[in-house]
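Protein chains in written order, with this note's numbering: chain A, 1 to 115; chain B, 116 to 227.
Reviewing the structure listed below.
And the structure:
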């Protein structure tokens, strides 16, 4: 079975400050990891993924995430937050050995960037 | 290229009724997945279709069923609606050769 934990329901950060949204995961095999963002009344928008290779992956809108196998974590980061980054962020995992493309999502973290 | 589209946007049904939700995959994508997102929760995997065959199913009862058509569009059917079926239903398409899934805007289903 695969699972994702996002320990913070909400993260508040001042505009211009660095932000981190935390994610830990559990899978039987090697993980494929993803971050998605959801704006109000909208579907999910893909931000970035880790499949293999460099542990630091870069994605859309200046976001990046660091894969840490020993800590089973995949935290989302951005050096300088914008007010427009305020949204709901979801971490998701897929087991690389699984036959289907099932994504398991965390419960989401609401990011509020304060002007 | 066009993105994933879903219809209708909103839907209100009565308990016990049946509903069909529709999804048009992103151009060239051959895999479609359906997710249920209850209020305040992350999306939950319902099932996935590849080449018109179900290719994985989450912890949902058989009254949730689906179809994928040769043009890779898809339907989600839910029979005997229950109040707890009220949620945002998301469709996502992808290519077998890639990893990320691309989501549509969703259909908001309300069961009264």
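Where is the CB? At the ideal position from N, CA and C, for every residue including glycine.
When you compare only the Cα positions, how much space is there between residue i and residue j?
i	j	result
residue 22 (chain A)	residue 74 (chain A)	7 angstroms
residue 197 (chain B)	residue 226 (chain B)	7 angstroms
residue 203 (chain B)	residue 35 (chain A)	19 angstroms
residue 90 (chain A)	residue 12 (chain A)	16 angstroms
residue 102 (chain A)	residue 218 (chain B)	13 angstroms
residue 180 (chain B)	residue 68 (chain A)	38 angstroms
residue 161 (chain B)	residue 174 (chain B)	7 angstroms
residue 188 (chain B)	residue 104 (chain A)	23 angstroms
residue 95 (chain A)	residue 111 (chain A)	27 angstroms
residue 79 (chain A)	residue 132 (chain B)	50 angstroms
residue 172 (chain B)	residue 148 (chain B)	9 angstroms
residue 76 (chain A)	residue 92 (chain A)	12 angstroms
For residue i, count neighbouring Cβ atoms within 10 angstroms of its own Cβ and tell me buried if that reaches 16, exposed if not.
i	result
residue 58 (chain A)	exposed
residue 85 (chain A)	buried
residue 43 (chain A)	buried
Can you pull the chain A neighbours of residue i, defined as C-beta to C-beta under 8 angstroms?
i	result
residue 179 (chain B)	Chain A residues near residue 179 (chain B): none, gap ~15 angstroms exceeds 8 angstroms.
With distances taken from CA atoms, which of the options is nearest residue i?
i	options	result
residue 54 (chain A)	A:46, A:40, A:66, A:94	A:66
residue 194 (chain B)	B:125, B:127, B:134	B:134
residue 141 (chain B)	B:130, B:182, B:120, B:224	B:120
residue 28 (chain A)	A:82, A:72, A:108, A:112	A:72
residue 30 (chain A)	A:52, A:15, A:19, A:41	A:52
Under 7 angstroms between beta-carbons, which chain B residues line up against residue i? List them in chain order, please.
i	result
residue 103 (chain A)	160, 216
residue 108 (chain A)	157
residue 43 (chain A)	205, 218, 219, 220, 221
So which residues of chain B does residue i contact, with C-beta pairs closer than 8 angstroms?
i	result
residue 49 (chain A)	214, 215
At 9 angstroms on the CB atoms, spell out the chain B contacts of residue i, in chain order.
i	result
residue 46 (chain A)	215, 216, 217, 218
residue 63 (chain A)	Within 9 angstroms Cβ-Cβ: nothing; residue 63 (chain A) doesn't reach chain B, min ~14 angstroms.
May I ask you to list the residues that DSSP assigns as paired with residue i?
i	result
residue 144 (chain B)	In the DSSP output, where bridge partners are listed per residue, residue 144 (chain B) has none listed.
residue 40 (chain A)	According to DSSP, residue 40 (chain A) bridges with nothing at all.
residue 120 (chain B)	B:139
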